[in-house]
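Take the sequence shown: its letter number 6 is residue -6 in this note's numbering, and every next letter is one higher. Every residue, glycine too, gets a C-beta built ideally from N, C-alpha and C.
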Amino acid sequence: EDIASILGTTREVVGRALRGLLNAGLLRKKGRNVYVANRAGLERLAEVNEMPEPIDKKERAL
-11 EDIASILGTT REVVGRALRG LLNAGLLRKK GRNVYVANRA GLERLAEVNE
39 MPEPIDKKER AL
């Protein structure tokens, strides 16, 4: 719930994303703790899903 609040989303969305990362073998869970299982894989995923830079106000006016 805290993570969802920080990200401005819902618990359900965070839960689905976490399950996806666990199922992909990028993370692993032991009890209530979550660990990185595949750092290189997470880094590749982050590069692919990188958010674009915000458009500068001057560029937006063009």
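Residue i vs residue j beta-carbon contact at 8 Å
{"i": "L15", "j": "V24", "result": "yes"}
{"i": "G13", "j": "N26", "result": "yes"}
Coil, strand or helix - residue i by DSSP
{"i": "L33", "result": "helix"}
{"i": "L14", "result": "coil"}
{"i": "G(-4)", "result": "coil"}
Spatial distance of residue i from residue j (CA atoms)
{"i": "T(-2)", "j": "A5", "result": "11 Å"}
{"i": "L30", "j": "N37", "result": "10 Å"}
{"i": "E(-11)", "j": "L33", "result": "23 Å"}
{"i": "G(-4)", "j": "N11", "result": "24 Å"}
{"i": "A28", "j": "K17", "result": "18 Å"}
Own chain, CB closer than 7 Å to residue i, minus 5 neighbours either side, in chain order
{"i": "I(-9)", "result": "V2"}
Residue range of the beta strand (DSSP E) that includes residue i
{"i": "N21", "result": "21 to 24"}
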